[in-house]
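Working notes for the structure below.
Number of protein chains: 2
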Amino acid sequence: MNKTSKRALSLALAAGIGFAATAALSAETLQDVLKRRNLSQQDLLAAAKTYVPTGKRDEFVAFSSGGQSGQVIVYAVPSMRILKYIGVFTPEPWQGYGYDENSKAVLAQGKIDGKDITWGDTHHPAISETNGEYDGQFLFINDKANPRIAVIDLRDFETKQIVVNPIFKSEHGGAFVSPNTEYIIEAAQYAAPLENKKFFPLEEFNEKYRGGVTYWKFDRKEGRIKPGESFSLELPPYSQDLSDFGKGPSDGWSFTNSFCSERYVGGIEKGRPPYEAGCSAKDTDYLHVINWKKAAEVVKAGKAKKINGHNVIMMDTAIKEGILFLVPEPKSPHGVDVSPDGKFMIVSGKLDTHVSVYSFEKIQAAIKAGKFESKDPYGIPVIGLKDAVHVQVPLGLGPLHTQYDSKPCIAYTSLYVDSQVAKWNYCEGKVLDKLSVHYNIGHLMTMEGDSTKPKGKYLVALNKLAIDRFVPVGPLHPQNHQLIDISNDKMQLLYDMPLPLGEPHYVVAIEATKLKPGVRYKVGTDSRTDKPHPGAVRAGEERTEKKGNKVTVYGTLIRSHITPETIEADVGDEVTIHLTNLERAQDETHGFTVSTYNTHASVEPGKTVTVKFKADKEGVYPYYCTEFCSALHLEMQGYLLVKPKGWKPTKTTLAKGNYTEADYKATVKKVADTQAIIDSVVAYITSVNYKDFPDVVAMVEDAFDQLGKTKGLKEKHEAFAAKKDWENANLWAEQIWQYQVKTADLGLRAKTYLEQNGAKKIK
Amino acid sequence: MNKTSKRALSLALAAGIGFAATAALSAETLQDVLKRRNLSQQDLLAAAKTYVPTGKRDEFVAFSSGGQSGQVIVYAVPSMRILKYIGVFTPEPWQGYGYDENSKAVLAQGKIDGKDITWGDTHHPAISETNGEYDGQFLFINDKANPRIAVIDLRDFETKQIVVNPIFKSEHGGAFVSPNTEYIIEAAQYAAPLENKKFFPLEEFNEKYRGGVTYWKFDRKEGRIKPGESFSLELPPYSQDLSDFGKGPSDGWSFTNSFCSERYVGGIEKGRPPYEAGCSAKDTDYLHVINWKKAAEVVKAGKAKKINGHNVIMMDTAIKEGILFLVPEPKSPHGVDVSPDGKFMIVSGKLDTHVSVYSFEKIQAAIKAGKFESKDPYGIPVIGLKDAVHVQVPLGLGPLHTQYDSKPCIAYTSLYVDSQVAKWNYCEGKVLDKLSVHYNIGHLMTMEGDSTKPKGKYLVALNKLAIDRFVPVGPLHPQNHQLIDISNDKMQLLYDMPLPLGEPHYVVAIEATKLKPGVRYKVGTDSRTDKPHPGAVRAGEERTEKKGNKVTVYGTLIRSHITPETIEADVGDEVTIHLTNLERAQDETHGFTVSTYNTHASVEPGKTVTVKFKADKEGVYPYYCTEFCSALHLEMQGYLLVKPKGWKPTKTTLAKGNYTEADYKATVKKVADTQAIIDSVVAYITSVNYKDFPDVVAMVEDAFDQLGKTKGLKEKHEAFAAKKDWENANLWAEQIWQYQVKTADLGLRAKTYLEQNGAKKIK
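The following block contains the structure:
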C-alpha cells in the first residue's frame, strides 16, 4: 500500500498541473470550430450569452409547471439546464416521493372522496411575494384535473402540503398570489354543480352548474395553507380561466378571465356542433373583477354559505355587497396580467387580434359612478368595454399571454397562430418589435415578469411539442422553450431548450441569489412535516423491536453501511423501517430499497424517513443503498430474512473467514501508510488560504467527520488481536481504512479544488 | 374579420423580415459579452464546441439509465440537452405510462409473486448491435432492485416488454448484448437462494446462497425477449457485478466480474464488522469467464436443471462441460470492458490503483493447456493472474470503468477517488493524459465506446451528486455529467450538465443519424403490442355501448374536440374508453383525463389507447384534452355524467343560444375572408421551392388535412339556415372557421419556415 499511497498523492498533484496544461493547449482554433460546426458569428454571440462554464452559476432559476407529469421542473437561466424535478401530485420514484411513508402522507392529503389520486396536471406555479416582489420562500402550484393546490417549501424544494378544493371539479386559473402572499387564488375551469357528488343533467346547465374562484389563506410562518380560513365566490357557469391579483393601486382586487360565456353545451356525438364551435361563437367573454379584501370581510361577517363545509359567497350576496363586477373582453381570452405598477390589466382574446389594456382607475370610476351597461343573466353588473379600456392594440393572430419588462410600459405578448413574440408599449399602444419563435407559443415568461419589479434581460417562449428542432425521439416530442435576449431594442433568439418530461404551461423565474435553500436537515427531521421524526435515532442507538406481528427498525445510514445489516421477520409480519442519515456532507444522500417489496426512500443528510411493508413472502431479500454514495456503495447492503411459520434454526454460526496474523499486520500497516497520506494532504490544505473557499471548508469538515468515525476502532482491533481473533482484528482494522479512504477522497477533492481555483500559500 | 385577416397576413410577412433584421443588429459585441459574463477564450471555445443553434441538430444521442427513477433518460451530445424520459419500470404520468390500460399491461408483466412493483432501479442500458456495431433498433435496461429487464423499441421510444428474472433477487450486471443481439446478459448481484420463496438462514450462506448469470434470448423480428429460450448459469455466492460479451476473436464468450468473493456476511448490529470491511478484505476477487455459445448447446442437450421453470446450468455441469472458469482480479472490481477488437478485457479493482488488461488469447491458451493455479471452493478452475494478464497499469485511486476511443489501443478509465479521467494506451500500458472532473466519477462513456467501432470525439464523465457546481436546489442535488472533448491529444472539459431526475449509472451513445424513429402510428395501433387495437374506430364510427353495468366508448380525438362530448353512466358502472387520435400531424398529440378518476392517456397521432375506471361516485365530471394541442385546447372538453340509481330526467332540452340571421351571415363572411387569406398563403408557399423542405411538406399536408375536415359542413350550415335554425347554422359555419384557423396556423408556420430557411422563388 505504501507504493500505492504515494502514487495516489503524486497523481493528485499531477492532476492540477494536467488540468492547467489542457486549458492552455488546444488543437483547434475558434475559427476552425466555427467552420467545422457551421456556426455564424450570430450563433457564437448567442453561445457566449448562454454558456456557463464549470464552477460558475446561472443568474436566474425558473420554476416550470410539469403539466401532465404532475411535477414542477426547475431550470437555470441563461444556460437552460434543468436542475431538478419536484414531485408534487404524482409519485416521483427517485426521491422516494410516494414510496416512503412520510411522502405518502403528503400525497394522501390529495385524496378525493377517500380515494388516492396519483395523477395530476400542474399548470401555473407562483412564487411567494413580499410587497409584490418575489421573496423565494415558497412555491404554489395547481392541479387542473383534480382540483388541488400544493405548497412547496423552497428551503428544501419539497412538497409539504396538498389541499383539495372542496367545491370544484377542475381548476385552471391558479396559482397566483396576493402581494404579501396572504391569499393564493384558484379559479374553476369547467362548470359543474358545487355540491359534492351532486348530479344534475346538462339540460340544467344554466341553473345548476357553477364556476367559482377560491382564495386560499396562507400562513407564512407555518408554511401551510389554512383551509378553514379560506373562502370561495360562486360564479356563473362561464369557464373561468386565468387570474391575477392587483397590486399597488389595485391591491385588494383580483381579476379572473373566462371563456365559453356562451354557456354552450356540446354533443357532437348527437349531431350538435362541438364545444369548440359553440364556445367561441360570441365576440366577447367576461373579465371578473373582484374586491377580495371586502369579500374576506363579508365572510368574516358570516354572510357566506357553507357548501361541503367550505365558506362560499353566493352570487346574490356578492352582487349585493358590491364585490363582483364583469367587463366584456374579446374573444375567448386566456391570460390576464396586471402591470407592475398595478394600474393596468392586460387581456388577450385568443380569437381576436387585439390585446386589451384595461385601466383599473377607469373600472373603479365606473363602479363608483354605478355606470354599468347591463347585467349578465345572473344579475352581475357589467361595466362597458369602453368605460374600462385604456387602449386596444392590434398585435397579431392568437394573442395569449403578456409579461412585463424592467423598462416602464414595455410588455411582451405571445401570438399562438403567428408563432411570434410581440414587444409593445402598453401605455402608448405601440408595437415595437416582433420575433418569430419555433411554432405555437403558449405562455411566455420574463424574469420576475409578473412581480412589481420585473428584472428584464431574458424572455422564455414556451412553445408546444417541437417537431423539427431536435434529434427525433419518436412520435411524442419534447416541448421547446426558447430563450430570448430582451436587453436590447431588438429581441434576439439565444437558445432552444427541449423540455423532456411533461408539458409546461407556465413558468416563473427568480434571481438565483434570492433563493437560500438548506444543504442538510437537522438530524432526525421528517422533511414533510419539518418536525422531529419519531423514528429518528443517533449513532449507537439503533435497534429492532418486535411486538406481536410488528417489526420496527430504528436504523441509520452512513457511508458505507446500513445499521442494521440484517432484519429478521416472520412471514406475514408488518415491517416498519425508520432510517436516519447521519452524514453531514452535502453529497452524502443515501437511498434505501428492499428487493421486490416495492418501497424506496431518498435520505438526504440529517433526514429520517420511514418505509413500511408486509413481509408476506418467505425467503431472503437483499436491501441496499440506492445512491452512488461512495466507492463502496455496492457493499452498503443487508438482508431481510423472512422466515417461514414455525422455522427453527439448525446451524447457528456463520462461516469463518480465513484470516491470519499476517493479514492483520498488513492491514495495520496499510492504515498507517494511508494516515501519512492524509497528513500530507492536510498539510497542503492548511498551507493555503482554504478558509476563503466555503465549499472547501465544507469538504474539510466532512473529511474530519469521516476520520472521526474511526474513534474506538483501534482499541477494538487491538483487543481482538490480543485474543488472536484475526478475522475480527483484521476486519476492524480494515474498517478504519474504509473511513480513511473516504477521508482521503474528500481531502483530494478539496486539494484539486484549491489548485484549480487559485488558492494562495499562507505560510 | 376582414381587417383582422389582412392584418394577420401582413404581420406574418413582417415576421420574416423582422427576424432577419434582428439577426443583423446586436447591441453588444462578442467582446462585451465575454467581459460582462467573465468568460475566457477557453470558455468561448467550449461554448462554440457545444452550442447547437435553433434548427440544427446534435451529433449523438445518449441513452442514460435513470437509476432510482426507474426510467431511461435520452440526451443529445454535444449540447447535453435532455430530449426525453422513457417510462420503463415506474409509472410516467405525462406519457400515461401506468395510467392507461395498454401501458398498464406492460407494467403488469413486471409483477413479482403476483404483486405490482411500481419502483425500479435502472442501471445499464444497451443498444442492440449488428456485427458488434450499434444498430439503433432496440434498447435494453435492467432493474437492479427487482430483478427484471425491459425492451424498448427505438422506433417509438416506448417500453414494449418487461421480463422478470425467475431465479435472482437482485441483478446489477446487465444489460449487455452479444454482437448480433442473440442474447442479453444479466448477472445477479446479492446472492440468495435461487428457488423462489425459499428461506435459508445466513448461517448457510456458503452452501445455499448462490449468484448467477442469465442469458436472455432476443427475437429481433418480434422485438421481444423469449423467456422460454433463455437460460442461466448457477454461480458461487460472490456478488456478481458488471459483465460484457466477447467480440471478434472472443465472440462466443462472456465475462462477469464479482466483488465480495470473501463471501462475508455482515451484521454490524451484532458487533460484527460491516459488509464494507468484510467484502473488501482480500486482495483479489474473481472474473468469471464463460463460454456462452457452448452453454446454449448444453441447455439444448437437456443438461440444464429446471429451477422455477427456468433452465439453469448448475455449477457441476458447467465445470464438467468446460464452460466456466475464473481468473483473479484485484480488488473489488466494478467494470469489465472488452476492447473493440475483442482481444482484451479491461478490469479495474476499485480499491487497487491498477487497471488490469486481460488477454483473451492467453486465457484460451491456459484453458487449452489445462493450466490452472487452483480451484475455488466450488471446484471451478482458476487461471493464474499472470497467465491471463497482458499488462497491469497503475492509473490512480479508485479506478472503475473503461471506455474506448476510435483510435487503436486508446482507452479512458474513471478514477473515483482521484476524481479524474485517465487516458491511456492499453496495448503498451502507458498513461497519456489526465483530466480532473467535478468530483467522484462513476461510469464514463465515449461515443459508441463499447462497440466494435467506437466513434471517438466526446467522452462523458458521470459524476455523483453535484454539490458546488450549479445553483443550489436544496439538500438533494442533481448529478453532474461532464462533456469532454477527446478529439485531441489532451482532453478538454467542455460542459457541465446537471442531471435533474434519477441517478444515472451508465450511458450509451449512438450517432444520431442511425436512429430512425417513426413520427406517427398506423391509425388504430396499440403502441404497446404494435398490433391493431381492438377499440380503434375511424371518424364517423364513434359509438358508446352499454351492456349491463359496462359502458364502452369507442371515441376519437381531433383538434379541437373529443367525440363523444358526453358520456353517461349509472353509478357503479365500469367505464372503458377507447380513444383513437385521428391526426396525421407530428405535433398533434392529444391527452385525455377525467376529473378525479385518476386516469391519463397520451395519444400520439394514429395511436389508440384505452382508459378504464369504475364510475363509483355520482355527479358531473369534466374530461378534457391534456395536451396544448391547439389554440382551442381548453375547449376540447366533455362531461362524464354519473347518474344516481333510479334517476329520471325532468328536463329534456338543452338551453338555446341566442343567435340571429345576422350572426350567421357574419360568420359566413368571416369564413369567406379567412379562405382568402389561406389562398394567399398557399399562393406564397407554392411560389417557392417548398417541396425541397420535408418539414414544410409535412406541414402543408397537415394543413390540407385540416381544411379537408370542413367537407360537408357548408351543406350542413346551409341546410340549417334554410330551416332558419340560426344556432345550428351559425355554429356549423363557425366550425368551418375553426378548421380554417388551424389550416392558417399551419400555413403561417410553413411560410415562416420557408422565409427563415432561404426558400427560392420557382415562378
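Those protein sequence lines, which keep their order, are chains H and P.
Position one of the first sequence corresponds to residue 1 (this note's numbering), numbered consecutively onward.
Position one of the second sequence corresponds to residue 764 (this note's numbering), numbered consecutively onward.
The beta carbon of each residue, even a glycine, is placed where N, CA and C say it ideally should be.
CA-CA distance, residue i and residue j?
i: W857(P); j: K656(H); result: 52 Å
i: L707(H); j: E734(H); result: 13 Å
i: A512(H); j: K247(H); result: 24 Å
i: L1494(P); j: V1463(P); result: 26 Å
i: A23(H); j: L797(P); result: Annotation note: pLDDT 41 at A23(H) (below 50); position unreliable, coordinate value reported separately. When rounded, the distance between both Cα atoms is 17 Å.
i: E1579(P); j: K198(H); result: The shown model of chain P, from 764 to 1526, leaves out residue 1579(P), and the question about it has no answer.
i: A784(P); j: V1101(P); result: At A784(P), the pLDDT of 38 sits below 50, so the modelled position is not reliable and the matter cannot be decided from this model.
i: I762(H); j: V682(H); result: 14 Å
i: V575(H); j: K320(H); result: 59 Å
i: T563(H); j: E542(H); result: 7 Å
i: K874(P); j: S230(H); result: 44 Å
i: C1388(P); j: V940(P); result: 40 Å
i: L515(H); j: V61(H); result: 9 Å
i: T790(H); j: T159(H); result: Nothing about residue 790(H) can be reported from this structure: the residues present for chain H run from 1 to 763 only.
Going along the chain, which residues of its own chain have a beta-carbon closer than 7 Å to the beta-carbon of residue i, five neighbours each way excluded?
i: G535(H); result: Y554, H578, T608 and T610
i: D1458(P); result: Y1516
i: R57(H); result: A512
Can you give me the Cβ contacts of residue i inside the same chain, cut-off strictly under 6 Å, excluding the 5 residues immediately before and after it?
i: N959(P); result: N1071
i: A1129(P); result: I1146 and D1150
i: M497(H); result: M80 and H481
i: F200(H); result: P193 and K208
So residue i is in the alpha helix (DSSP H); what residue range does that whole segment cover?
i: N969(P); result: F968 to K971
i: H1117(P); result: Run containing H1117(P): none in the alpha helix (DSSP H); it sits in the beta strand (DSSP E), H1117 to S1122.
i: N730(H); result: W726 to Q756
i: H717(H); result: L713 to A722
i: E1211(P); result: Where E1211(P) is concerned, there is no enclosing alpha helix (DSSP H), given that its DSSP letter is neither H nor E.
Cβ closer than 8 Å: which chain P residues qualify as neighbours of residue i?
i: H477(H); result: Q1349, D1350 and T1352
Determine the extent of the beta strand (DSSP E) in which residue i is found, giving its start and end residues.
i: S1199(P); result: K1193 to S1199
i: T130(H); result: A126 to T130
i: V914(P); result: R911 to D916
Identify the contact partners of residue i in chain H, using a Cβ-Cβ distance below 9 Å as the criterion.
i: G1420(P); result: E262, R263, Y264, G278, A281 and K282
i: E1497(P); result: P273, E276, A277, G278, S280 and A281
In chain P, what lies closer than 7 Å to residue i by C-beta?
i: G67(H); result: W857
i: A105(H); result: Those within 7 Å of A105(H) in chain P number zero; the least Cβ separation is about 18 Å.
Taking 9 Å as the CB-CB cut-off, is residue i touching chain A?
i: F901(P); result: Any reference to chain A falls outside this structure, whose protein chains are H and P.
Leaving out five residues on either side along the sequence, give the residues of the same chain with a beta carbon under 8 Å from the beta carbon of residue i.
i: K1523(P); result: V1451 and N1452
i: A108(H); result: D116
Name the chain H residues whose beta carbon is nearer than 8 Å to that of residue i?
i: D876(P); result: T596 and K617
i: V837(P); result: V473 and P500
Against residue i, what residues of chain P qualify as contacts under a CB-to-CB distance less than 9 Å, listed in chain order?
i: H561(H); result: G1029, I1031, P1037, Y1038, E1039 and A1040
Three-pair Cβ contact test at 8 Å for the region 344-364 of chain H versus the region 464-474 of chain H:
no
For the 8 Å Cβ check, are there 3 or more pairs between the region 427-440 of chain H and the region 106-121 of chain H?
no
Check whether the region 1471-1486 of chain P touches the region 1403-1422 of chain P, counting contact only when three or more Cβ pairs, one atom from each stretch, lie closer than 8 Å.
no
May I ask you to verify whether the region 1030-1037 of chain P touches the region 980-987 of chain P, counting CB pairs closer than 8 Å and requiring at least 3?
no
I want to know whether the region 284-296 of chain H touches the region 250-267 of chain H - three or more CB-CB distances under 8 Å.
yes
Count Cβ pairs between the region 835-849 of chain P and the region 486-503 of chain H that sit closer than 8 Å; are there 3 or more?
yes
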